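**Q**
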DNA sequence: GCCTTGGTTAGACATCTGTCAATGTAGAAG
DNA sequence: CTTCTACATTGACAGATGTCTAACCAAGGC
């Protein structure tokens, strides 16, 4: 089996308790987990997600950390490249927002996830 | 690790879309995400979870990788220390199994929570 | 006792990662 | 055009991480 293309095979999958991940699926998913595997990035993500309007500019975020601007910028880039967030420039500021489908994918893999409404 | 004050404060939390994680929660959770942030470990986890009986010995696992025994052992240790799996020796073999509550905790944080109230 | 098999531990080493200071860029405001 | 603010990129560096080989421990079987 497993003639996986970038379709469902590779991106969506039953929980790990179902059948084992292929090497490709694991590589793919672990890249996102890795991005979340840093306290700063995980907090950045949650700050963005929880911010009013579902988006936040860097200026809203950097105040929560004792880190330099470039470091925050670096972490945001990692999250962006992992597909966890997107950034859009509006005027002087850059607004970030979460990409829910990426997080849902992880959630689905991890577990018996709370019954999600909108089908698979 | 083990006995942290398991008041819901630190261990359980609403999805990131709810309210931002505290620094401690983020540190705690990111450690587990980090453990899953490696293709080999993620596949190990899924192989264990999907194995018959919910457990697998190292001999069942190492065949799936082009890695030395010690390397597999190292990854299993990382997963164990992150609280994702446990290992138990029975006779000659060591059997590993998944700790579902850890995975569920991650899933809960990531999850868009069943459409409760879309307050934001 | 002595091997053999299954697995972990200990070092060693190259690569990756998080951080910062310095510099660069995009837009707004004089 | 110049300058200021908001962010990003570059380059450097210490520390973490993944991998290996070699050595070690545990359980059986001879």
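Protein chains in written order, with UniProt numbering: chain A, 1 to 120; chain B, 1 to 120.
By construction, the Cβ of each residue, glycine as well, lies at the ideal position given by its N, Cα and C atoms.
Keep in mind it's a predicted model, so treat the numbers as computed, not measured.
Grab the span of the beta strand (DSSP E) containing residue 56 (chain B) for me, first residue to last.
**A** 55-57
**Q** To be precise: take each residue of the stretch 13-27 of chain A, compare its Cβ to all Cβ atoms of chain B, and keep it if any distance is under 7 Å. Which residues remain?
**A** The stretch 13-27 of chain A vs chain B, Cβ under 7 Å: 16, 17, 18, 19, 20, 21, 23, 26 and 27.
**Q** For the beta strand (DSSP E) that contains residue 87 (chain B), what are its first and last residues?
**A** 85-90
**Q** Under a three-way DSSP split, which group does residue 16 (chain A) fall into?
**A** coil
**Q** Taking Cβ to Cβ, would you say residue 29 (chain A) is nearer than 7 Å to residue 47 (chain A)?
**A** no
**Q** Between the Cα of residue 74 (chain A) and those of A:102, A:90 and A:44, spot the shortest distance and give me the residue it belongs to.
**A** A:44
**Q** Taking the continuous alpha helix (DSSP H) assigned at residue 75 (chain B), which residues delimit it?
**A** 69-81
**Q** Give a yes or no on contact between the stretch 49-58 of chain B and the stretch 63-81 of chain A, applying the rule of three or more CB pairs nearer than 8 Å.
**A** no
**Q** Compute the distance between the beta-carbons of residue 84 (chain A) and residue 35 (chain A), then report whether it is under 7 Å.
**A** In contact: residue 84 (chain A) and residue 35 (chain A) (Cβ atoms closer than 7 Å).
**Q** Check whether the Cβ of residue 43 (chain A) lies closer than 7 Å to any Cβ atom in chain B.
**A** Using a CB distance cut-off of 7 Å, residue 43 (chain A) counts as an interface residue toward chain B.
**Q** For residue 62 (chain A) and chain B, any beta-carbon pair shorter than 7 Å?
**A** no
**Q** Could you name the residues that DSSP lists as bridge partners for residue 94 (chain B)?
**A** B:89
**Q** For residue 8 (chain B), which of helix, strand or coil comes out of DSSP?
**A** With a pLDDT of only 45 at residue 8 (chain B), under 50, the local geometry of the prediction cannot be trusted, and no value is derived from it.
**Q** Is the beta carbon of residue 68 (chain A) less than 7 Å from the beta carbon of residue 111 (chain B)?
**A** no
**Q** Compare the C-alpha of residue 98 (chain A) against each of A:42, A:26 and A:92 and name the closest.
**A** A:42
**Q** Express the C-alpha separation of residue 96 (chain A) and residue 72 (chain A) in angstroms, rounding to a whole number.
**A** 12 Å
**Q** Check whether chain A comes within 7 Å of residue 38 (chain B), counting only Cβ atoms and requiring the distance to be less than that.
**A** yes
**Q** Quick one: Cα of residue 102 (chain A) to Cα of residue 38 (chain A), how far?
**A** 17 Å
**Q** Verify whether the separation of the beta carbon atoms of residue 126 (chain B) and residue 82 (chain A) is less than 7 Å.
**A** Residue 126 (chain B) lies beyond the range of chain B shown here (1 to 120); nothing can be said about it.
**Q** Between residue 49 (chain A) and chain B, is any beta-carbon pair separated by less than 7 Å?
**A** yes
**Q** Buried or exposed for residue 52 (chain A), please, with buried defined as at least 16 other CB atoms from any protein chain shown within 10 angstroms of its CB.
**A** exposed
**Q** Using a Cβ cut-off of 7 Å (strictly closer), state whether residue 30 (chain B) contacts chain A.
**A** yes
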